[in-house]
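In this text, residue positions in the sequence shown follow this note's numbering: the first is 2, and each later residue adds one.
Since the structure comes first, as C-alpha coordinates, the remarks are kept for the end.
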Amino acid sequence: MSEFGNGAPGTYKTIGVQIPNDLHSQASMIAKLDDISLRDACIRGLRIYVEQKQAEPDFKARVAKALEDIEREAAERRGAIESLFGSTTQAAGTAKKTAAAKKAAPSPKPES
(Lines of atoms letter the chains of each structure in order from A and count residues from 1; the text may use other names and numbers.)
(Lines give C-alpha, C1' and ligand atoms only; values in the text may rest on other atoms or scores of the structure.)
Protein backbone atom coordinates (compact mmCIF):
# COMPACT_ATOMS: atom_id res chain seq x y z
CA MET A 1 0.00 0.00 0.00
CA SER A 2 1.23 3.45 -0.85
CA GLU A 3 2.38 5.66 1.97
CA PHE A 4 0.55 8.53 0.29
CA GLY A 5 -2.51 6.59 -0.88
CA ASN A 6 -3.94 6.92 -4.34
CA GLY A 7 -5.77 10.14 -3.53
CA ALA A 8 -9.13 11.32 -4.71
CA PRO A 9 -9.47 12.04 -8.42
CA GLY A 10 -7.98 15.43 -9.20
CA THR A 11 -5.75 15.58 -6.12
CA TYR A 12 -2.64 14.29 -7.89
CA LYS A 13 -0.76 15.29 -11.04
CA THR A 14 0.95 12.72 -13.21
CA ILE A 15 4.40 13.64 -14.45
CA GLY A 16 6.85 11.85 -16.67
CA VAL A 17 10.47 12.33 -15.75
CA GLN A 18 13.53 10.95 -17.50
CA ILE A 19 16.25 10.05 -15.04
CA PRO A 20 19.64 8.46 -15.58
CA ASN A 21 19.63 4.65 -15.50
CA ASP A 22 22.03 4.45 -12.56
CA LEU A 23 19.91 6.83 -10.46
CA HIS A 24 16.80 4.80 -11.28
CA SER A 25 18.55 1.58 -10.25
CA GLN A 26 19.79 3.08 -7.00
CA ALA A 27 16.47 4.71 -6.12
CA SER A 28 14.55 1.53 -6.93
CA MET A 29 16.84 -0.56 -4.73
CA ILE A 30 16.69 1.90 -1.83
CA ALA A 31 12.89 2.13 -2.08
CA LYS A 32 12.69 -1.67 -2.05
CA LEU A 33 14.95 -1.81 1.04
CA ASP A 34 12.68 0.75 2.71
CA ASP A 35 9.63 -1.28 1.64
CA ILE A 36 8.08 1.64 -0.24
CA SER A 37 7.23 2.19 -3.89
CA LEU A 38 9.46 4.21 -6.17
CA ARG A 39 6.51 6.59 -6.52
CA ASP A 40 6.47 7.19 -2.76
CA ALA A 41 10.24 7.65 -2.75
CA CYS A 42 9.88 10.30 -5.46
CA ILE A 43 7.14 12.08 -3.50
CA ARG A 44 9.34 12.05 -0.39
CA GLY A 45 12.23 13.47 -2.40
CA LEU A 46 10.12 16.26 -3.85
CA ARG A 47 8.76 17.15 -0.42
CA ILE A 48 12.31 17.39 0.94
CA TYR A 49 13.27 19.60 -2.01
CA VAL A 50 10.32 21.93 -1.38
CA GLU A 51 11.10 22.14 2.35
CA GLN A 52 14.76 22.95 1.63
CA LYS A 53 13.81 25.68 -0.82
CA GLN A 54 11.31 27.18 1.64
CA ALA A 55 14.08 27.36 4.26
CA GLU A 56 16.40 29.42 2.01
CA PRO A 57 16.90 33.00 3.23
CA ASP A 58 15.77 34.65 -0.02
CA PHE A 59 12.81 32.34 -0.67
CA LYS A 60 10.06 34.66 0.60
CA ALA A 61 11.45 37.57 -1.42
CA ARG A 62 11.58 35.43 -4.57
CA VAL A 63 7.99 34.28 -4.01
CA ALA A 64 6.85 37.87 -3.46
CA LYS A 65 8.58 38.90 -6.72
CA ALA A 66 6.90 36.03 -8.59
CA LEU A 67 3.52 37.10 -7.19
CA GLU A 68 4.14 40.70 -8.28
CA ASP A 69 5.04 39.47 -11.77
CA ILE A 70 1.84 37.40 -11.95
CA GLU A 71 -0.27 40.36 -10.84
CA ARG A 72 1.45 42.68 -13.37
CA GLU A 73 0.91 40.19 -16.20
CA ALA A 74 -2.73 39.76 -15.19
CA ALA A 75 -3.23 43.55 -15.21
CA GLU A 76 -1.64 43.74 -18.67
CA ARG A 77 -3.94 41.00 -19.98
CA ARG A 78 -6.96 42.64 -18.38
CA GLY A 79 -6.03 45.92 -20.06
CA ALA A 80 -5.64 44.20 -23.43
CA ILE A 81 -9.04 42.55 -23.11
CA GLU A 82 -10.68 45.78 -21.96
CA SER A 83 -9.18 47.59 -24.95
CA LEU A 84 -11.08 45.19 -27.21
CA PHE A 85 -14.30 46.73 -25.89
CA GLY A 86 -13.03 50.27 -26.39
CA SER A 87 -12.89 51.43 -22.78
CA THR A 88 -12.75 50.11 -19.24
CA THR A 89 -16.23 51.46 -18.45
CA GLN A 90 -17.72 49.88 -21.54
CA ALA A 91 -16.00 46.54 -20.78
CA ALA A 92 -17.34 46.54 -17.23
CA GLY A 93 -20.84 47.34 -18.48
CA THR A 94 -20.67 44.57 -21.07
CA ALA A 95 -19.51 42.07 -18.45
CA LYS A 96 -22.38 43.07 -16.13
CA LYS A 97 -24.92 42.78 -18.96
CA THR A 98 -23.59 39.34 -19.87
CA ALA A 99 -23.81 38.17 -16.25
CA ALA A 100 -27.33 39.59 -15.89
CA ALA A 101 -28.45 37.94 -19.13
CA LYS A 102 -27.16 34.58 -17.94
CA LYS A 103 -29.10 34.92 -14.68
CA ALA A 104 -32.30 36.01 -16.45
CA ALA A 105 -32.21 33.32 -19.13
CA PRO A 106 -34.58 30.44 -18.39
CA SER A 107 -32.85 27.16 -17.83
CA PRO A 108 -33.56 24.53 -20.46
CA LYS A 109 -36.35 22.15 -19.55
CA PRO A 110 -35.56 18.46 -19.75
CA GLU A 111 -37.23 16.61 -22.58
CA SER A 112 -39.97 14.20 -21.59
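The C-beta atom is built at its ideal place from N, Cα and C for all residues, glycine as well.
Check, Outcome
"Nearest-angstrom beta carbon gap, Ala56 and Leu39 [assumed within contact, 8 Å]", "So it is not a contact: roughly 26 Å between Cβ atoms."
"Same chain, Cβ closer than 8 Å to Asp35, neighbours up to 5 away in sequence not counted", "Ala42"
"Minimum C-alpha distance to Gly46 - residue among Ile31, Asp59, Arg79 and Pro58", "Ile31"
"DSSP state of Lys14 mapped onto helix, strand, coil", "coil"
"Euclidean distance between Cα positions of Thr12 and Gly87", "41 Å"
"Contacts around Lys66, its chain only, beta-carbon distance under 8 Å, and the 5 residues preceding and following it disregarded", "none"
"Proximity test, Gly17 beta-carbon vs the ligand PLP heavy atom, cut-off 8 Å", "This structure does not include the ligand PLP; it has no bound ligands of any sort."
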